[in-house]
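Top line first, the protein sequences correspond to chains A and Y.
Position one of the first sequence corresponds to residue 14 (my numbering), numbered consecutively onward.
Position one of the second sequence corresponds to residue 14 (my numbering), numbered consecutively onward.
Where a beta carbon is used, it is the ideal one built from N, C-alpha and C, also for glycine.
Protein chains: 2
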Amino acid sequence: MIPAPLLIPQRVLLGPGPSDVAPSVLAALSKPTLGHLDPLVLRAMDELSEMLRALYRTRNEWTFATSGTGTSGMEACLANLIRGGDRVLVLAHGYFGLRLAEIARRCGAEVTRVEGAWGRPSDVERARQAAGGGRFALVCAVHAETSTGVLQDPAPLRALADELGALLVVDAVTSLGCVPLEVDAWGIDAIYSCSQKGLSCTPGLSPVSFSPRAVERIRARAQSSPTFYLDANLLMAYWGGPRGYHHTASSNLYYGLHEAARLALEEGLEARWERHARLGAELAAGLEGLGLELGVAAEHRLPQLTVVKIPEGVDDAAVRGALLERFGIEIGGGLGAFKGKVWRIGLMGSGASPRNVALVLSALRAVLGR
Amino acid sequence: MIPAPLLIPQRVLLGPGPSDVAPSVLAALSKPTLGHLDPLVLRAMDELSEMLRALYRTRNEWTFATSGTGTSGMEACLANLIRGGDRVLVLAHGYFGLRLAEIARRCGAEVTRVEGAWGRPSDVERARQAAGGGRFALVCAVHAETSTGVLQDPAPLRALADELGALLVVDAVTSLGCVPLEVDAWGIDAIYSCSQKGLSCTPGLSPVSFSPRAVERIRARAQSSPTFYLDANLLMAYWGGPRGYHHTASSNLYYGLHEAARLALEEGLEARWERHARLGAELAAGLEGLGLELGVAAEHRLPQLTVVKIPEGVDDAAVRGALLERFGIEIGGGLGAFKGKVWRIGLMGSGASPRNVALVLSALRAVLGR
Chain A
14 MIPAPLLIPQ RVLLGPGPSD VAPSVLAALS KPTLGHLDPL VLRAMDELSE
64 MLRALYRTRN EWTFATSGTG TSGMEACLAN LIRGGDRVLV LAHGYFGLRL
114 AEIARRCGAE VTRVEGAWGR PSDVERARQA AGGGRFALVC AVHAETSTGV
164 LQDPAPLRAL ADELGALLVV DAVTSLGCVP LEVDAWGIDA IYSCSQKGLS
214 CTPGLSPVSF SPRAVERIRA RAQSSPTFYL DANLLMAYWG GPRGYHHTAS
264 SNLYYGLHEA ARLALEEGLE ARWERHARLG AELAAGLEGL GLELGVAAEH
314 RLPQLTVVKI PEGVDDAAVR GALLERFGIE IGGGLGAFKG KVWRIGLMGS
364 GASPRNVALV LSALRAVLGR
Chain Y
14 MIPAPLLIPQ RVLLGPGPSD VAPSVLAALS KPTLGHLDPL VLRAMDELSE
64 MLRALYRTRN EWTFATSGTG TSGMEACLAN LIRGGDRVLV LAHGYFGLRL
114 AEIARRCGAE VTRVEGAWGR PSDVERARQA AGGGRFALVC AVHAETSTGV
164 LQDPAPLRAL ADELGALLVV DAVTSLGCVP LEVDAWGIDA IYSCSQKGLS
214 CTPGLSPVSF SPRAVERIRA RAQSSPTFYL DANLLMAYWG GPRGYHHTAS
264 SNLYYGLHEA ARLALEEGLE ARWERHARLG AELAAGLEGL GLELGVAAEH
314 RLPQLTVVKI PEGVDDAAVR GALLERFGIE IGGGLGAFKG KVWRIGLMGS
364 GASPRNVALV LSALRAVLGR
């Protein structure tokens, strides 16, 4: 039995990502496939690198995209920077901080995991104490924790990393394109994100950027990284210089991300940040107006991902099911320690619109009977 | 400076992949993006698994796609099956056999690499002697070597693997959908392929399949695999059973591969194999008619990828450049030891048509002045 062609409806994606993809990005995804070494693809990659530099606010030469989702970018940063036995300090106050620690462990690091309460940012002073003045290879933190909706300011981590002799690795999966992010000004050495949240492309690519110091460390490896697929030395030879074959990248995903990055830069980063801040605040006020309690205090709240506590006696799955079935709206459930306890409502990239704020508030009011 | 939107021409892709993507597959890629845990996406994944089983001729429960290119599938098979110190026997007579050995080494295996001449299949008897009757965890080989255009029959490797107590791992990147492949009948324990060759989708997904024995070995790991992104235990929990979040897979790539698999099964595997065989033979005869020498003897030649020796005095880059510029035709150059020495002409999936055979022969005749 051969299944029928897929019939895919138009949803409104207001979960933790993917976010709604703009029509011109969807159209770009279906332009004719080209070879991964076609001169036109190589030129598109150069333009993509340049746009990713602008989005990350960096002059880092090695700014490109791995052929995988955000987790591939996380693994690329860690597997290339960690050498067996390295000490790695991870600030974890949510699911993705814990994932950073887990991947660092698999890469052979001796991990010091500083766990903070879910729903708040990590305390840098506590991390400093946990490090105990030792030498570390990396300090890792999550800029926008997708599981809790918490913003962590990476800037103060630079001083800590310097004290420990470490490079600073930042997870920007849910922050890029949504909230202020300044890779060079904040002294970030390695950063990764995704294509499907603040940039509103389909998933499948992870923008990464390495500082000159990080590249030096990667180039100086005596032992090759444990991963071949995400080996940064091989990826750098494909994205620049010799243009050597490493893997058969998807031209179509490049087209999509190229168009999504174009749209973000056409809007302008400051305007985009302002739009997310304004609409996130509107959504938060509207949710509180429905008598719902938010998961994060205003000063640490992500405008692009609002975490709401599920009220006592309300059936998580039933509410999300009704939003999906009756209104075609996706919101996110909880992850890890927050499973069954919170909803996560995303307003990301092209999905961050007054229309979507109005829609989700109205639909939630109907489903909750408020 | 924000770059202009990409203008992508219609090429004819007759290299080693990607192959030309059918219009309905391109259209599928731009259907509305959905969340990776949307019930409709989960259903599409179930259908995709079922179709991949049919394409691989297997009843293996764990038949799914990793979110990456063919190399991600190679790494997924090796990194999940190898435990540090395991002995791994690799038959290598080309670039991708060598890549298998390299990735196995990075996974901590003690690799016995049996190197054969490029342009011929590996000699199973030599591999048996090299193994010296020892115990091995894996025997690895490439079904269709993309760098040399050589077909290796995997069936006789089952007996060798049995003698060594090993699982049999096969690279089907360039074979799936083009030439006969019988995962269950041939006793293959782990296999991986790609989306962009015999199946004619865009790159970005790697169909993999694990036999029950392979799954048992993966589930019994005491140490987690070095890769988190490609951890088969976590991927199995996403593709089946608990449907746990692991990574944010691209619904759009799933749509594309779903449609490509549908088209392959609508045609029928036997009909598809016959079409490739017939057109590959036509192309080979046509190339010899132009006075060109083929790289592989007829009995070991891949119909879907014909390797041609570049005639003395002919400029490799100039010829491929002229085909691309004047005719919009991509053919492949040589890889590794064959760089600058051969061309690789692919007739894969929807690109394997009488029209393309006629076109590439005529264009080559014009460019070579024959």
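Coarse secondary structure for residue i, derived from DSSP in three states
i      : result
R139/A : helix
L356/A : Looking at the sequence itself, residue 356/A is Trp, so the reference to Leu does not match. Of the three classes helix, strand and coil, the one that applies to W356/A here is strand, per DSSP.
G147/Y : coil
F109/A : helix
C120/Y : coil
G345/A : strand
T76/A  : strand
P220/A : strand
C90/A  : helix
D184/Y : strand
V228/A : helix
R133/A : coil
E158/Y : strand
R256/A : coil
L307/Y : strand
Burial state of residue i (16 or more Cβ within 10 Å)
i      : result
R198/Y : Reading the sequence as shown, one finds Ala at residue 198/Y and not Arg. Exposed: under 16 other Cβ atoms inside 10 Å.
R357/A : buried
K44/A  : buried
G86/A  : buried
L20/A  : exposed
G334/Y : exposed
M14/A  : exposed
Q142/Y : exposed
Q23/A  : exposed
P167/Y : buried
Cβ shell of residue i (< 7 Å), same chain only, five flanking positions each side left out
i      : result
P239/A : A92 and C120
A114/A : V103, A105, V124 and R126
Alpha carbon of residue i to alpha carbon of residue j, nearest angstrom
i      : j      : result
P216/Y : G129/Y : 29 Å
L173/A : V101/A : 13 Å
V25/A  : Q209/A : 14 Å
V355/Y : L248/A : 25 Å
G302/A : P367/A : 16 Å
G394/A : E123/Y : No answer is possible for residue 394/A: it lies beyond the span of chain A, which begins at 14 and ends at 383.
D202/Y : P193/A : 49 Å
E280/A : A140/A : 37 Å
G200/Y : N246/Y : 22 Å
A157/A : A376/Y : 54 Å
R285/Y : C191/Y : 7 Å
V97/Y  : R288/A : The amino acid at residue 97/Y is misidentified as Val; the sequence shows Gly. Looking at the two C-alpha atoms, the distance is approximately 50 Å.
G304/A : V373/A : 15 Å
A41/A  : C207/Y : 22 Å
L282/Y : E325/Y : 39 Å
G308/Y : H260/Y : 42 Å
V34/Y  : A274/Y : 12 Å
Chain A contact for residue i (CB, 8 Å cutoff)
i      : result
E272/Y : yes
L68/Y  : no
N265/Y : yes
K44/Y  : yes
T319/Y : no
A335/Y : no
L47/Y  : yes
E60/Y  : yes
Residue-chain proximity (residue i, chain Y), Cβ-Cβ < 8 Å
i      : result
Y251/A : no
H156/A : no
Q209/A : yes
L94/A  : no
H34/A  : Contrary to the premise, residue 34/A reads as Val rather than His in this sequence. It does: the Cβ of V34/A has a partner Cβ on chain Y nearer than 8 Å.
D51/A  : yes
Residues near residue i by beta carbon distance below 6 Å, same chain, minus five either side
i      : result
A290/A : P316
S62/Y  : T76 and F77
Y205/A : G86, M87, C90, S219 and V221
F149/A : R100, L102, L177 and A179
Spatial neighbours of residue i in its chain, beta-carbon cut-off 8 Å, leaving aside the 5 residues before and after
i      : result
R66/Y  : R72, N73, T76 and S222
A311/A : A297
S37/A  : E272 and L276
L47/Y  : L53, V54 and S264
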